[in-house]
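Visitor:
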Amino acid sequence: MIMLAFISAIVQHVRGETKEMLYWLVGLGGLVGSMLRYGISGLPIFLPVNDISMGVYIGNVVGSFLLAWLLVCVAQMGRWGEPVQHAVGTGLLGSFTTFSALSAEAFTMLDRGDWLYALFYVGFSIIGGWIAAWLGWRLGQNTIPYLIREKVDL
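Count the sequence shown with our numbering and you get residues 44 to 197, in order.
1) Of the choices PHE163, VAL105, TRP67, LEU153, whose alpha-carbon is the least far from that of LEU178?
2) So THR133 and GLY72 are supposed to be a Cβ contact under 8 Å. How far apart are they, rounded?
3) Going by beta carbon distance, what residues of the same chain come within less than 6 Å of VAL69, once the five residues before and after it are set aside?
4) Apply the 10 Å Cβ neighbour rule to ARG155 and answer buried if 16 or more other Cβ atoms are within range, or exposed otherwise.
5) Taking the C-alpha atoms as reference points, what is the distance between TRP67 and VAL127?
6) Going by the beta-carbon positions, is the gap between TRP112 and LEU182 smaller than 7 Å?
7) Going by C-alpha distance, which of VAL131, TRP158, GLN119, GLY171 is nearest LEU79?
8) Have a look at PRO87, GLY172, ILE187 and flag the residue whose alpha-carbon is nearest the alpha-carbon of LEU109.
9) Taking the CB atoms as reference points, tell me whether PHE139 and GLY85 lie closer together than 7 Å.
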């Protein structure tokens with residue numbers, strides 16, 4: 044149901060039917076992103092390790108990669124670019140990656156006196172995010188020639 048509303052809002056915006064659809068796109072993307080964030084945090088594979096929330100870490104690193112890749116690809120998407128950027132970039136990935144959760148968890152560690160864990164957690168999150176964003180950017184740059192060569196109509 045959510046996906047149908049999402050697709051419908053994108054199509055309506057591309058047709059130029061309404062500018063207000065961008066708000067719906069951001070909201071629907073945010074709904075999906077926050078549900079994904081909540082879902083991965085509860086998976087056994089992402090349970091906290093030494094009080095470091097692996098769900099937040101993985102979400103931030105994966106989100107950094109996807110957002111960088113998206114920004115490169117969106118530039119080539121013509122009229123589809125704006126709604127996709129708002130829906131997926133601002134909405135879905137904006138709610139999926141949460142710096143506020145990272146900060147809160149780091150301060151919880153600091154409050155307990157776990158300075159070393161807090162330092163490593165923040166440091167690895169930032170470095171991991173940068174590396175993932177760089178990889179996403181590079182992949183996006185390599186995706187564009189493929190799309191142009193294959194004449195994929197976005």
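Where is the CB? At the ideal position from N, CA and C, for every residue including glycine.
Guide: According to the data block:
1) VAL105
2) 7 Å
3) HIS129, THR133, GLY134
4) exposed
5) 12 Å
6) yes
7) VAL131
8) GLY172
9) no
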